[in-house]
Amino acid sequence: MKEQVVLITGVSRGFGLELTREYCQLGWRVFGVLRSKEDAAPISSEFGEVFIPIVADLRDDSAVKDIRLSLEGKTDSLSLLINNAGIGGTGHYIEDTSCSEIKELFDVHCCGAIRCIQAALPLLRKAERPTVVNVSSRVGSINKVSSGNLDHIPLSYGMRMAKAAQNMLSASLYRELRGTGIAVFAVHPGKIRTRMGSPDADMSAEQAAKRFVSWLPDIRLEREFGYFEAGAEEFVF
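Numbers in the numbering used here are just positions in the sequence shown, counted from 1, shifted up by 33.
Below is the structure:
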């Protein structure tokens with residue numbers, strides 16, 4: 034069986050770290066994108082040779098070249114790309130909202146994902162049943178926000194806008210790549226207890242990662258596109 038290879042961003046902590054742990058334990062080779070060598074050291078120590086760190090700043094266009102060069106010669110295909118890297122926002126009310134913060138959120142959640150896709154696409158095209166997952170959020174659903182479904186939790190304008198835009202990226206990418214065999218999913222991993230988690234968070238990053246890893250192969254057999262909560266429901270954009 035051909036080796037399974039995954040590229041995951043934002044692996045230094047939380048959901049990204051737990052995804053790394055799950056895929057390493059399953060015997061996948063994991064390329065993990067982090068911002069510093071210091072962040073990479075303990076992860077490399079834990080997982081050994083199956084984990085290959087890539088130091089890149091996803092807020093800069095240089096990340097495309099940095100990621101490509103790091104992949105070059107180490108794998109001839111890429112089965113899965115998980116764009117997980119993200120940052121939180123603080124402006125819950127319009128009068129407290131900073132446009133500079135919104136720009137930073139867009140740069141990470143949207144442009145950062147684009148940079149990774151640009152770097153990974155040549156290798157994704159060489160894989161069997163390749164998949165791109167953009168780790169989204171329920172707060173990116175215009176339907177949920179406009180219907181009042183999320184009124185019970187504080188939501189920053191920047192996060193809502195960035196995740197809605199990232200969902201459009203997922204939809205646009207799927208439309209471009211349809212017929213190539215590359216699946217594209219926007220996935221809300223669940224209400225995770227992390228630094229960016231909401232007050233109603235009800236699961237650990239480890240639980241969320243296990244659920245995601247067990248769910249993805251099944252949905253991949255059925256679909257090539259969608260906006261889901263992993264292991265639960267399909268969302269309306």
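Cβ coordinates follow ideal geometry from the N, Cα and C atoms, glycine included.
Query raised in the report: What is the residue span of the alpha helix (DSSP H) that Thr53 lies within?
Result: Here residue 53 refers to the residue found at position 20 when the sequence shown is read from its first residue. Where Thr53 is concerned, the enclosing alpha helix (DSSP H) stretches over 47-58.
**Report entry** Rounded separation between Trp61 and Thr53 - CA only
**Finding:** For this step, residue 61 is matched to residue 28 along the sequence shown. For this step, residue 53 is matched to residue 20 along the sequence shown. Distance between the alpha carbons of Trp61 and Thr53 is about 9 Å.
Query raised in the report: Roughly how many whole angstroms lie between the Cα atoms of Ala152 and Gly122?
Result: Stepping through the sequence shown from its first residue, residue 152 is reached at position 119. Stepping through the sequence shown from its first residue, residue 122 is reached at position 89. If you take the alpha carbons of Ala152 and Gly122, they lie about 27 Å apart.
Query raised in the report: Exposed or buried, which one is Asn182 when buried takes at least 16 other CB atoms within 10 Å?
Result: Position 149 of the sequence shown, counted from the first residue, corresponds to residue 182. With fewer than 16 other Cβ atoms within 10 Å, it is exposed.
Requested in this report: Measuring alpha carbon to alpha carbon, tell me which of Phe64, Ile186, Ile85 ends up nearest Pro273.
Outcome: Since the displayed the chain opens at 34 and closes at 270, residue 273 lies outside it and no answer follows.
**Report entry** Cβ-based neighbour list, Asp129, same chain, cut-off 8 Å, excluding 5 preceding and 5 following
**Finding:** For the purposes of this step, residue 129 is taken as the residue at position 96 of the sequence shown. Result list for Asp129: Thr123, in chain order.
Query raised in the report: Expressed to the nearest angstrom, what Euclidean distance is found between the alpha-carbon atoms of Tyr126 and Ala198?
Result: The residue labelled residue 126 in the question sits at position 93 within the sequence shown. The residue labelled residue 198 in the question sits at position 165 within the sequence shown. Using only the alpha carbons, I get a separation of about 19 Å.
Report task. Less than 8 Å between the CB atoms is what I'm expecting for Ser201 and Val172, so what's the real figure, rounded? Result -> The sequence position of residue 201 within the sequence shown is 168, counting from 1. The sequence position of residue 172 within the sequence shown is 139, counting from 1. In the sequence as presented, Ser is not what sits at residue 201; that position holds Met. Actually they are not in contact, since the Cβ atoms of Met201 and Val172 sit about 14 Å apart, beyond 8 Å.
Report task. May I have the straight-line CA-CA distance separating Val83 from Asp99, to the nearest angstrom? Result -> Counted from its first residue, the sequence shown places residue 83 at position 50. Counted from its first residue, the sequence shown places residue 99 at position 66. So the alpha carbons of these two residues sit roughly 20 Å apart.
Query raised in the report: What beta strand (DSSP E) runs, 3 residues minimum, are completely inside the region 124-172?
Result: 164-168
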